[in-house]
Every structure is written in C-alpha cells, then in structure tokens.
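First residue of the sequence shown: 0, per numbering that gives the first Met the number 0; consecutive thereafter.
Just so you know, even glycine gets a beta-carbon here, dropped at the ideal spot from N, CA and C.
Fair warning: this is a prediction, and the values are worked out from it, not measured in the lab.
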Amino acid sequence: MKYLFIDRDGTLVAEPEDEQVDSLEKIEFEPDVIPALRELEAFGYTLVMVTNQDGLGTESFPENDFVKPQNFILNVLSSQGVRFDDILVCPHFPHENCSCRKPKTGLLQEYLKRTDWDRQNSYVIGDRETDVKLGENMGIKSFRYNRDTMSWPEIASSIIHKERTATVVRNTRETKISVSINLDHNGDSSISTGVGFFDHMLDQIATHGGFQMILRADGDLFVDEHHTVEDVGIALGTALRQALGEKRGIVRFAYALPMDEVYAKIEGFSTSLLSEKIAAALDISGRPFCNFVCDADFLRDHVGDFPVEMVPHFFRSLADAMGITLHLFVSEGNTHHQVEALFKGFGRALRQAVKIEGTELPSSKGVL
Ligand SMILES: [Mg+2]
Ligand SMILES: [Zn+2]
C-alpha cells in the first residue's frame, strides 16, 4: 500500500489571503490537480488529506463555515473520480500547542504504527515548509507544491516515472558484495569481482539488459571462485527484485533467441560471438525456478579464470533471489561462446521483461 498525504489549502485549493476557506466563493482549485490525482490513484496510490484548520469550531471559524466548502471540494473531486480514503483535520490554534498540528504527527499515529505500507514510495504533498517537515517527521519523502515551480503534473510525473533503483550490501564470512542497480539508466556500469571473465559476463547482462550495474565483490578467491560467483548471483538477484518494486506496468514475460540471423535482422549487432544457439525465457513471476539445459557438456572446465560449472549455479542463485522463472538453453559449441551467449541472452530477455509498458500490475491476482 502506498499513500499520498496531501495538504488541502494552498495545495488542492488556493489559499485565500486571510488563510481561511470559509465560504464557497473562496474555493479555487489548483491547476491540473484533478487529472494528476486521478493518474496517481490509477497508479495505485491511496489518498489521505491532512490539514491544519486553525480554530475550527470556535467563534473565529464556526464548524459550518468549514463543512460547507469542505463538502463542496470533496464532491467536486469525487465527481471526477478522486477519492480521499481518510481525512485528518487539526482544529487547534498554534498557541494551544496540541500534538496534532502539522508538522507534528499526532494525526498520523495510526499510520506510523502500521508496517503494512510502503514508506519508500509514499509521500507528503503540501505547499508549506511545515508539510515538508511533516514528511521528515514521518520518515517519508515530500513534495513542496508550488503552482509555478512544482506543479501537479510535475509531481505526478516524478512519482510515476521514478527511476527504479536498489542497492544491496551482502557481507558474509566468505564474501563482501555491494551492488547498485538502476533499471532506468543505461550505461555507466562498473563491475569488479576479482574474476576477470565473470566481470565481462556480468557486464554483458547490464549492457544487453539496458540497465546500470555498479557491483563490487571481495570474496575468498584464495579458496576458489565458488562463493564469489554464487553470492554475486544472490546479491544481484536481490537487487533486481528490489529495483522492480511492486512491478507495476512491466512487460513481465520475455523470450530471447539470439541466433545469428535473428540478431542480425532485429538488432543489427555484431554477431561474431553468437554463433551458438541459445534461448532464454523468463517470467518475473515471484516464483523462483530455474531450468538450465545444455545440449552437450561444456568442452572446457574453465574460460579464463572462470569455472564453467558455476554457470548454471549462478543463474539458479540469481533466479531464486530475484523470484523469477528462468529457462536457459544452449547448444553445443565453443565453450567461451556458449557461456557468453547465455549471459547475453539472459540480458536480452531481462531487457524486455523489465520494460514498462503501462501502469497496471501484469497479474490477474493483483500481486506479483
Ligand atoms: Mg497549505
Ligand atoms: Zn491539533
């Protein structure tokens, strides 16, 4: 569950000079607020209104003067498909020193106690410094709304088109690994595992996957490469899973068949290293499974400093940690080419599957 905690005056509707929306004449909606909120709701956000209404219910601001405009605002919004799930109002004056006036978090205690919502992707949106401060106090990010410099379309677009990133640090007695993924940034990867050929293979995943991978591994290579390769698979799979988040809008399924003629035609790439037939199919299903088929045994047991027996093991570790169903097939041939083709093919399949094509969750179950 993801929330938007939204201020009312100055954010949904304009704030009058006397700072009190106490009659229908004073209501003026902020530009583009309705289409932006509709878009964010369709993207899976639940809306909560959080507003300070100084002295509400006192002589200076009788209850009815609040209720009428408030209902009008809510009716207009709901007639356009915008629904607030919860409305939280602090009726106190600043001098009363209550615990619920923003930026204090008294109104939000219920939410702060709960652990079932996504703090990474929830935001406070408001026009004042106190709204930004509220976000800080809640431990979530915020947008300082401003008609000219941070408009509703800008806010909606930065929330929806947020880059999908994750960083995973995994330290054990055998390996120390840190990996950062940005699925929405192509290039500038940097990979160092201490195993030259493995670096080259991981770079194939990033390059053909079309994403950025910053990876550093310090493993017990004096024992052998096993722990490093396996643990990199786990850390990379975990980072990819985290970067994908709730997986909204992704293609989800992909199939890559990088044989000579296919690549030559579709991608226009150099094909010299892809003479082996390989196939990679994957489903970002949330259900880990790896099926690895090599038509013939690898003819060599090492490529450079990389033990070839670790190839299926690497993909299995990655698929488990990432929660994907992965099928890999490679024909017999030159071992170096076989391994390289597998990593490239996996990258190509990944590139298609993580691509965003809409805003829906690609599952009838509503969760992946
Ligand atoms: Mg305000
Ligand atoms: Zn209060």
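1. Quick check on the contact list: which residues have their beta carbon closer than 5 Å to a heavy atom of ligand 2?
2. Find out if the Cβ-Cβ distance for the pair Thr-174, Thr-227 is shorter than 7 Å.
3. Using the Cα positions of Val-329 and Ala-340, report the straight-line distance between them to the nearest angstrom.
4. CB-CB under 6 Å to Leu-360, same chain, minus the five flanking residues each way: which ones, in chain order?
5. Under 7 Å, do Gln-79 and Phe-65 count as touching if we go by C-beta distance?
6. Buried or exposed: where does Phe-28 fall if 16 or more other Cβ atoms within 10 Å of its Cβ makes it buried?
7. Looking only at C-alpha atoms, which of Gly-54, Phe-305, Arg-240, Phe-60 sits nearest to His-94?
8. Return yes when the C-beta of Gly-9 is under 6 Å from any heavy atom of ligand 1, and no when it is not.
9. Can you list, in chain order, the residues of its chain with a C-beta nearer than 8 Å to that of Phe-314? Leave out the 5 residues immediately preceding and following it.
10. Quick test of the definition: if touching needs 3 or more C-beta pairs under 8 Å, does the stretch 125-133 touch the stretch 6-14?
11. Measuring only from the beta carbon, is Arg-127 closer than 6 Å to any heavy atom that is part of ligand 1?
12. So His-91 packs on Arg-82, CB below 8 Å; how close in whole Å?
13. Would you mind working out which of Pro-15, Glu-40, Ala-13 sits nearest Phe-4, comparing C-alpha positions?
14. Quick check on Met-0: does DSSP put it in helix, strand or coil?
15. Could you compute how far the alpha carbon of Ala-263 sits from the alpha carbon of Asp-202?
16. Cβ atoms of Asp-230 and Ile-190: under 7 Å apart, would you say?
17. With a threshold of 6 Å (Cβ to nearest heavy atom), would Asp-21 be considered close to ligand 1?
18. Is the distance from the Cβ of Thr-50 to the Cβ of Val-88 below 7 Å?
19. Rounding to the nearest angstrom, what Cα-Cα distance links Asp-217 and Tyr-44 in this structure?
20. Rounded to the nearest angstrom, what separates Thr-206 and Ser-156 at their Cα positions?
21. What do you get for Phe-221, buried or exposed, if any count of 16 or more other CB atoms within 10 angstroms of its CB means buried?
22. Would you mind working out which of Ile-180, Ala-318, Ala-35, Pro-15 sits nearest Met-149, comparing C-alpha positions?
23. Alpha carbon to alpha carbon, how far is Ser-188 from Asn-70?
24. Compare the C-alpha of Asn-120 against each of Asn-185, His-301, Phe-42 and name the closest.
25. Going straight from the alpha carbon of Gly-56 to that of Asn-63, what length do you get?
26. For Leu-107, which option in Tyr-2, Arg-169, Ser-284 has the closest C-alpha, if you only look at C-alpha atoms?
27. What separation, rounded to the nearest whole angstrom, lies between the Cα atoms of Glu-18 and Met-0?
28. Please list, in chain order, all residues of the same chain as Ser-98 whose beta carbon is under 7 Å from its beta carbon, the five residues on each side excluded.
Taking the definition as stated:
1. Cys-89, His-91, Cys-97, Cys-99, Arg-100
2. yes
3. 8 Å
4. Arg-247
5. no
6. exposed
7. Gly-54
8. yes
9. Gly-232, Cys-289, Phe-291, Leu-325, Leu-327, Leu-341, Phe-345
10. yes
11. yes
12. Actually they are not in contact, since the Cβ atoms of His-91 and Arg-82 sit about 27 Å apart, beyond 8 Å.
13. Glu-40
14. coil
15. Confidence is the limiting factor: at Ala-263 the pLDDT is only 34, short of 50, which leaves the residue's position unreliable and the question unanswerable from this model.
16. no
17. no
18. yes
19. 40 Å
20. 27 Å
21. exposed
22. Ala-35
23. 53 Å
24. Phe-42
25. 8 Å
26. Tyr-2
27. 33 Å
28. Gly-105
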